[in-house]
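Visitor: The structure's right below; bear with me while I get my questions together.
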Amino acid sequence: MKTLLIALLFELNLSVEYGTLTIYRRHDYFTQSFNVKINNTLITKNLGSNEYLTIEVPTGQATIETSGGYLTEKQTFTITVKKDEIYYLKGVVDYDYFSNALYFRKVLPPEAFADLKKLSLNAQLVKKLE
(Lines of atoms letter the chains of each structure in order from A and count residues from 1; the text may use other names and numbers.)
(Lines give C-alpha, C1' and ligand atoms only; values in the text may rest on other atoms or scores of the structure.)
Protein backbone atom coordinates (compact mmCIF):
# COMPACT_ATOMS: atom_id res chain seq x y z
CA MET A 1 0.00 0.00 0.00
CA LYS A 2 2.83 2.38 0.92
CA THR A 3 4.55 1.65 -2.41
CA LEU A 4 1.34 2.36 -4.30
CA LEU A 5 0.90 5.68 -2.50
CA ILE A 6 4.50 6.72 -3.26
CA ALA A 7 4.08 5.73 -6.93
CA LEU A 8 0.82 7.69 -7.15
CA LEU A 9 2.38 10.80 -5.61
CA PHE A 10 5.34 10.51 -7.97
CA GLU A 11 2.98 10.23 -10.97
CA LEU A 12 0.97 13.26 -9.84
CA ASN A 13 4.15 15.31 -9.48
CA LEU A 14 5.26 14.41 -13.01
CA SER A 15 1.93 15.40 -14.54
CA VAL A 16 2.42 19.14 -13.89
CA GLU A 17 3.18 20.93 -17.15
CA TYR A 18 4.83 24.34 -17.39
CA GLY A 19 5.09 27.35 -19.65
CA THR A 20 7.51 30.27 -19.29
CA LEU A 21 6.85 33.93 -18.57
CA THR A 22 9.47 36.60 -19.20
CA ILE A 23 8.39 39.76 -17.39
CA TYR A 24 10.26 43.02 -17.92
CA ARG A 25 10.37 46.78 -17.54
CA ARG A 26 12.30 49.02 -19.86
CA HIS A 27 13.97 52.20 -18.68
CA ASP A 28 11.59 54.86 -17.46
CA TYR A 29 11.90 57.90 -15.24
CA PHE A 30 9.84 56.37 -12.45
CA THR A 31 12.54 54.53 -10.51
CA GLN A 32 10.37 52.88 -7.86
CA SER A 33 10.46 49.08 -7.87
CA PHE A 34 7.32 46.99 -7.90
CA ASN A 35 6.29 43.77 -6.17
CA VAL A 36 5.21 41.01 -8.54
CA LYS A 37 3.00 38.10 -7.49
CA ILE A 38 1.89 35.24 -9.70
CA ASN A 39 -1.11 33.24 -8.48
CA ASN A 40 -0.71 34.86 -5.03
CA THR A 41 2.95 33.82 -4.72
CA LEU A 42 5.46 36.65 -4.31
CA ILE A 43 7.99 36.37 -7.13
CA THR A 44 10.01 39.51 -6.39
CA LYS A 45 9.75 42.61 -4.21
CA ASN A 46 12.00 44.51 -6.51
CA LEU A 47 11.20 44.64 -10.24
CA GLY A 48 12.88 47.89 -11.16
CA SER A 49 13.40 49.91 -14.29
CA ASN A 50 15.69 48.16 -16.83
CA GLU A 51 15.13 44.70 -15.33
CA TYR A 52 13.58 41.40 -16.34
CA LEU A 53 12.84 38.01 -14.85
CA THR A 54 12.01 34.62 -16.31
CA ILE A 55 9.86 32.09 -14.47
CA GLU A 56 8.26 28.73 -15.22
CA VAL A 57 4.58 28.58 -14.25
CA PRO A 58 2.06 25.73 -14.34
CA THR A 59 -0.17 25.63 -17.40
CA GLY A 60 -3.61 27.18 -17.18
CA GLN A 61 -4.66 30.62 -15.95
CA ALA A 62 -1.90 32.71 -14.38
CA THR A 63 -2.85 35.89 -12.54
CA ILE A 64 -0.06 38.43 -12.18
CA GLU A 65 -0.47 41.16 -9.58
CA THR A 66 1.74 44.22 -9.22
CA SER A 67 1.93 46.53 -6.23
CA GLY A 68 4.37 48.97 -4.74
CA GLY A 69 4.83 51.55 -2.06
CA TYR A 70 2.83 54.56 -1.10
CA LEU A 71 0.35 55.78 -3.74
CA THR A 72 0.83 52.73 -5.96
CA GLU A 73 -2.31 51.03 -7.21
CA LYS A 74 -2.47 47.24 -7.39
CA GLN A 75 -3.03 45.93 -10.89
CA THR A 76 -3.75 42.44 -12.21
CA PHE A 77 -3.08 40.79 -15.55
CA THR A 78 -4.37 37.33 -16.45
CA ILE A 79 -2.86 35.11 -19.11
CA THR A 80 -3.52 31.53 -20.22
CA VAL A 81 -0.25 29.60 -20.14
CA LYS A 82 0.19 26.61 -22.46
CA LYS A 83 2.70 23.79 -22.15
CA ASP A 84 6.25 24.69 -23.28
CA GLU A 85 5.16 28.11 -24.62
CA ILE A 86 7.12 31.29 -23.82
CA TYR A 87 5.27 34.54 -23.19
CA TYR A 88 6.83 38.01 -23.04
CA LEU A 89 5.10 40.56 -20.80
CA LYS A 90 6.25 44.15 -21.02
CA GLY A 91 5.66 46.33 -17.96
CA VAL A 92 4.41 49.86 -18.56
CA VAL A 93 4.18 52.37 -15.71
CA ASP A 94 1.12 54.62 -15.72
CA TYR A 95 1.65 57.92 -13.92
CA ASP A 96 -1.06 60.06 -12.38
CA TYR A 97 -0.92 63.09 -10.11
CA PHE A 98 -1.47 61.12 -6.93
CA SER A 99 -0.85 57.51 -7.92
CA ASN A 100 0.95 55.18 -10.30
CA ALA A 101 0.58 51.59 -11.44
CA LEU A 102 2.51 48.94 -13.36
CA TYR A 103 0.53 47.31 -16.16
CA PHE A 104 1.62 44.43 -18.40
CA ARG A 105 0.99 43.83 -22.07
CA LYS A 106 1.88 40.75 -24.06
CA VAL A 107 4.45 41.42 -26.80
CA LEU A 108 5.77 39.35 -29.68
CA PRO A 109 9.28 37.85 -29.53
CA PRO A 110 10.98 40.32 -31.94
CA GLU A 111 9.95 43.32 -29.81
CA ALA A 112 10.85 41.49 -26.59
CA PHE A 113 14.29 40.41 -27.89
CA ALA A 114 15.13 43.99 -28.88
CA ASP A 115 14.08 45.25 -25.43
CA LEU A 116 15.77 42.48 -23.42
CA LYS A 117 19.20 43.19 -24.93
CA LYS A 118 19.27 46.42 -22.92
CA LEU A 119 18.09 45.02 -19.57
CA SER A 120 19.56 43.27 -16.52
CA LEU A 121 18.32 40.02 -14.99
CA ASN A 122 16.60 40.51 -11.62
CA ALA A 123 18.27 37.89 -9.42
CA GLN A 124 15.85 38.24 -6.46
CA LEU A 125 13.13 35.98 -7.80
CA VAL A 126 11.53 32.58 -7.74
CA LYS A 127 12.52 30.64 -10.87
CA LYS A 128 9.76 28.06 -10.87
CA LEU A 129 6.25 28.40 -9.51
CA GLU A 130 4.98 25.12 -8.06
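According to my numbering, the sequence shown is numbered sequentially starting from 61. Ideal placement from N, C-alpha and C gives every residue a C-beta, glycine not left out.
Are Lys-150 and Val-167 close, meaning C-beta to C-beta below 7 Å?
Guide: In contact: Lys-150 and Val-167 (Cβ atoms closer than 7 Å).
Visitor: Using beta carbons (cut-off 7 Å, strictly below), is Val-76 in contact with chain B?
Guide: This model lacks chain B altogether, as it is built from one protein chain only.
Visitor: If you run the structure through DSSP and keep just helix, strand and coil, what is Glu-171?
Guide: Of the three classes helix, strand and coil, the one that applies to Glu-171 here is helix, per DSSP.
Visitor: Roughly how many whole angstroms lie between the Cα atoms of Leu-102 and Ala-161?
Guide: Each residue's Cα considered, the two are about 17 Å apart.
Visitor: Could you pull out every unbroken beta strand (DSSP E) segment of at least 3 residues lying fully inside the stretch 103-150, listed in chain order?
Guide: DSSP runs (the beta strand (DSSP E)) wholly in the stretch 103-150: 111-118, 120-127 and 135-141.
Visitor: With 16 as the cutoff for other CB atoms within 10 Å, does Arg-165 come out buried or exposed?
Guide: Arg-165 comes out exposed.
Visitor: Which residues mark the beginning and the end of the beta strand (DSSP E) in which Asn-95 is found?
Guide: Counting along the chain, the beta strand (DSSP E) containing Asn-95 begins and ends at 94-98.
Visitor: Output the boundary residues of the beta strand (DSSP E) element that contains Arg-86.
Guide: No beta strand (DSSP E) contains Arg-86, which DSSP labels as neither H nor E.
Visitor: Go ahead and pull the three-state DSSP assignment for Leu-176.
Guide: Three-state result, Leu-176: helix.
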